[in-house]
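In the working numbering, the protein residues as written are 54 to 300. First comes the structure, then the notes that go with it.
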């Protein structure tokens, strides 16, 4: 026989007999549910904390690498800046001689007052002849060495390296919206630029100058412990270093 009984606020359906519901049993069930809920919540918190720790380590790794890349970018900019300045001076001298020598030669040949001074006229022609030879040699040198192409490349490399340096510094300061996406994008850009710069035959001394410039830019020490005081490599360093040139 099925009976329905009410005992302390709980309805139980029993067969052949009624079992009273004890209040302490209900309290234990509630306590177990609360305990399970707390354990689940603690597990979620622990998982979240673990993820945050992993993410923080990843962000710190991105920022550390970004500062290293900023040193590299500033060093590259310094190397091509020096090459640009040197080529700029040489091309200006070449172009100035290309205009000045013919003009002075024509003036000397047509100057009537030099007719009375044959020795002076002969000296002027000798000087202009030497200048013309120098201008011709500079023109051939610039043509063989491709000064104009290298000048354009150095100008572009300076601009790209400067932009990369500023981008890496922002990542190093974590001053970006998505550090992972920004890092991957700049890393791809860096690899593309490096693939072109590697063909420019950077000398060991230029690498030392570049490293010194990068270390000074971000105010860091070399792996040898030296802190470069100038961008130029000292001629007689007290402490030598194959990486930065020493101090």
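From the three backbone atoms N, C-alpha and C, an ideal C-beta is built for every residue, glycine too.
For residue 249, count neighbouring C-beta atoms within 10 Å of its own C-beta (all shown protein chains included) and say buried if the count is 16 or more, exposed if not.
exposed
So for residue 197, helix, strand or coil by DSSP?
When DSSP states are grouped into helix, strand and coil, residue 197 belongs to the helix group.
With a 10 Å radius around its C-beta and 16 neighbouring C-beta atoms as the bar for buried, classify residue 257 as buried or exposed.
exposed
Are the Cβ atoms of residue 299 and residue 279 separated by less than 8 angstroms?
yes
First and last residue of the alpha helix (DSSP H) that includes residue 266?
257-271
Look at the Cβ atom of residue 284, then the Cβ atom of residue 266, and state whether they are nearer than 8 angstroms.
yes
From this set, 112, 173, 195, 251, which residue's C-alpha is nearest residue 146's C-alpha?
195
Check whether the stretch 138-154 touches the stretch 115-128, counting contact only when three or more Cβ pairs, one atom from each stretch, lie closer than 8 angstroms.
no
Got a sec? Which residues, its chain only, sit under 8 angstroms from residue 161 by beta carbon, not counting five neighbours each side?
Its chain contains 167, 174, 177, 178, 181 as the residues whose beta carbon lies nearer than 8 angstroms to that of residue 161, once the 5 sequence neighbours on both sides are disregarded; these appear in chain order.
Does the beta-carbon distance from residue 117 to residue 221 come in below 8 angstroms?
No; because the gap between Cβ atoms is not below 8 angstroms, this pair is not in contact.
Does DSSP put residue 170 in a helix, a strand or coil?
coil
Ends of the alpha helix (DSSP H) at residue 292?
Where residue 292 is concerned, there is no enclosing alpha helix (DSSP H), because DSSP gives it neither an H nor an E.
Taking the straight line between their C-alpha atoms, what separation do you get for residue 281 and residue 158?
50 angstroms
Could you tell me the boundaries of the alpha helix (DSSP H) in which residue 248 lies?
232-250
In chain order, what residues of the same chain lie with their CB nearer than 8 angstroms to the CB of residue 227, ignoring the 5 residues before and after it?
112, 116
Please determine, among 252, 149, 218, 271, the residue with the shortest C-alpha to C-alpha distance to residue 191.
Comparing Cα-Cα distances from residue 191 to each of 252, 149, 218, 271, the minimum goes to 149.
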